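Residue 219 in our numbering sits at position 239 of the sequence shown, with consecutive numbering throughout.
Think of the CB as a built atom: it goes at the ideal place given N, C-alpha and C, for glycine as much as any other residue.
The structure presented is a predicted model; accordingly, all values stated were derived computationally and were not measured.
Reading through the structure tokens given below for one structure.
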Amino acid sequence: MNLIERYIFRRVLLLTVATLLVTTAIAMITQVLIHVNLMSSTGQSLMTFLRLAGLLIPSMLVVVTPFALMLVASQTLSTMNGDSELPVIEASGGSRILTAKPILILAMLMSLASLATSLYAEPWANRNLRNLLVEARTDLLSVAVQSGIFHKLQNNMYVHVADKLAGGSLGGIFLSDERDPATELVYYAKYGAFIESEGKNFLVMSDGELHRKIKADGNVSVIKFATYAFDLSLIGDSQSSAAFYYPKEQTTKYLFNPDPNDLIYQRRPQNYYSEINRRFSEWLYPVLFALITIYFLGKAHSHRSEQIWSMIFVAAIGFFLRGLGYFVTDKSGRDIIYMILCYAIPAGGIVAFGSLILTNMTFRTPQFLVDGATSLAAFTMRTARPLLVRFRLIDSYGGRGA
-19 MNLIERYIFR RVLLLTVATL LVTTAIAMIT QVLIHVNLMS STGQSLMTFL
31 RLAGLLIPSM LVVVTPFALM LVASQTLSTM NGDSELPVIE ASGGSRILTA
81 KPILILAMLM SLASLATSLY AEPWANRNLR NLLVEARTDL LSVAVQSGIF
131 HKLQNNMYVH VADKLAGGSL GGIFLSDERD PATELVYYAK YGAFIESEGK
181 NFLVMSDGEL HRKIKADGNV SVIKFATYAF DLSLIGDSQS SAAFYYPKEQ
231 TTKYLFNPDP NDLIYQRRPQ NYYSEINRRF SEWLYPVLFA LITIYFLGKA
281 HSHRSEQIWS MIFVAAIGFF LRGLGYFVTD KSGRDIIYMI LCYAIPAGGI
331 VAFGSLILTN MTFRTPQFLV DGATSLAAFT MRTARPLLVR FRLIDSYGGR
381 GA
């Protein structure tokens, strides 16, 4: 890269790293808050909270990377245009490729990083996150033993343990499970204990009853049991499956060759196909977003209105294509058409916008949009002027108020 390209690359790189840190932190905090009640209720340490936050980073990075690059590239090119750097580059004979090359190099590096994260880091983090949450919910049962009061394990699920017996056994267990909207389950047991087997945690209840109520007709069936093992890994899942790991938590190798006895694969194999398509298509979006930004903002704009409209088109097209990508990816496990679209949308966008850049096609904002925006701004100002004058934000002549 020559001097100008290194200048643009360094500028975009620094801003992208800063933006990624901020956006990932914000997204991560919102996810941590979902589990904060569980963590605080079980008295988890600060290190556990930090571990939880760290395990959420890979998933957040894959989501925010293309948007962070689009935001930074738009800001950089707009600033360069406002500082007359882009007009000077064009006047000296520099092509759009000169400004596009450093941004595309960074986009390709980010795409490769996203691919590696999707294939390896993200499933590993999701698997360990699930283990961490299962451990926390197991600890919540221990808290219930110590306090002797009802504890909420999750929505529509409560537990009460009366006493802790010698040898670590539990006495007087009550567990209410109404997660299924059609069925209400209530467990009573005189004794119980926590047992770990094959990487799973169980609450084994002894000498008890299971009351099963069908909400539609009110019928209740009572089942007495000598022992009953309740899989604690199911707490937090909306489906009553005995499988411990879901497709997003499985390794990429496992997705291509799942265990035939895997209950989730037997019941919903389309979820595995959708996850494969997601992992192998998401990495294309940083390059796509970079090309969209370069096409609309990579050339000098003489009018401020054109610059603003170009930024609006960058954001609108980027969000539309990403939203469409999420939609077809979710459907890609059920229909081959959606599977093709899962890859065709980002790949087609890359080819289309790459061709427009190579052929030096220039975007011009339609005049009716410029006229419409000008009329709307004038109408808004006329409507808001009395209020602005009243609150002394401007004087009666349109100048800034005191």
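Measuring only the C-alpha atoms, how far is residue i from residue j?
| i | j | result |
| --- | --- | --- |
| residue 302 | residue 265 | 8 Å |
| residue 314 | residue 244 | 15 Å |
| residue 241 | residue 210 | 20 Å |
| residue 86 | residue -16 | 15 Å |
| residue 149 | residue 204 | 20 Å |
| residue 275 | residue 310 | 29 Å |
| residue 13 | residue 146 | 37 Å |
| residue 173 | residue 105 | 29 Å |
| residue -14 | residue 82 | 7 Å |
| residue 286 | residue 43 | 29 Å |
| residue 236 | residue 73 | 51 Å |
| residue 158 | residue 191 | 12 Å |
| residue 71 | residue 88 | 28 Å |
| residue 113 | residue 233 | 24 Å |
| residue 248 | residue 225 | 13 Å |
| residue 299 | residue 293 | 10 Å |
| residue 134 | residue 250 | 27 Å |
| residue 322 | residue 231 | 21 Å |
| residue 132 | residue 154 | 12 Å |
| residue 152 | residue 199 | 26 Å |
| residue 304 | residue 167 | 45 Å |
| residue -6 | residue 359 | 41 Å |
| residue 189 | residue 136 | 20 Å |
By the 10 Å Cβ neighbour count, where 16 or more other Cβ atoms means buried, how is residue i classified, buried or exposed?
| i | result |
| --- | --- |
| residue 331 | exposed |
| residue 396 | This structure leaves residue 396 out entirely; the chain is present only between -19 and 382. |
| residue 366 | exposed |
| residue 141 | buried |
| residue 4 | buried |
| residue 94 | buried |
| residue 355 | exposed |
| residue 6 | exposed |
| residue -8 | buried |
| residue 177 | exposed |
| residue 222 | Low local confidence applies: a pLDDT of 36 at residue 222 is under 50, so the model's placement there is unreliable, and no value is given. |
| residue 130 | exposed |
| residue 84 | buried |
| residue -10 | exposed |
| residue 183 | buried |
| residue 69 | buried |
| residue 257 | buried |
| residue 328 | exposed |
| residue 218 | Any answer about residue 218 is weak, because its pLDDT of 40 lies below 50 and its placement is not dependable; what the coordinates show is given next. Counting Cβ neighbours within 10 Å, residue 218 comes out exposed, since fewer than 16 surround it. |
| residue 333 | buried |
| residue 320 | exposed |
| residue 254 | buried |
| residue 185 | buried |
| residue 52 | buried |
| residue 202 | exposed |
| residue 308 | buried |
| residue 337 | buried |
| residue 261 | buried |
| residue 62 | exposed |
| residue 175 | exposed |
| residue 273 | buried |
| residue 316 | exposed |
| residue -18 | exposed |
Can the beta-carbon of residue i be found closer than 8 Å to that of residue j?
| i | j | result |
| --- | --- | --- |
| residue 278 | residue 110 | no |
| residue 291 | residue 64 | no |
| residue 271 | residue 326 | no |
| residue 143 | residue 169 | no |
| residue 252 | residue 227 | yes |
| residue 229 | residue 107 | yes |
| residue 259 | residue 39 | no |
| residue 79 | residue 57 | yes |
| residue 156 | residue 138 | yes |
| residue 36 | residue 8 | yes |
| residue 289 | residue 91 | no |
| residue 324 | residue 66 | no |
| residue 318 | residue 312 | yes |
Mind checking whether the beta-carbon of residue i lies closer than 7 Å to any heavy atom of the ligand PLP?
| i | result |
| --- | --- |
| residue 10 | With respect to the ligand PLP, the structure shown offers nothing to examine, as it has no ligands at all. |
If you pair each beta-carbon of the region 161 to 171 with each one of the region 188 to 208, do three or more pairs fall below 8 Å? yes
Does the region 34 to 52 come within contact of the region -8 to 9, defined as at least 3 CB pairs closer than 8 Å? yes
Could you name each continuous alpha helix (DSSP H) segment of 4 residues or more that falls completely within the region 38 to 83, going from the start of the chain to the end? 65 to 71
Going along the chain, which unbroken runs of the beta strand (DSSP E) with 3 or more residues stay wholly within the region 183 to 261? 200 to 211
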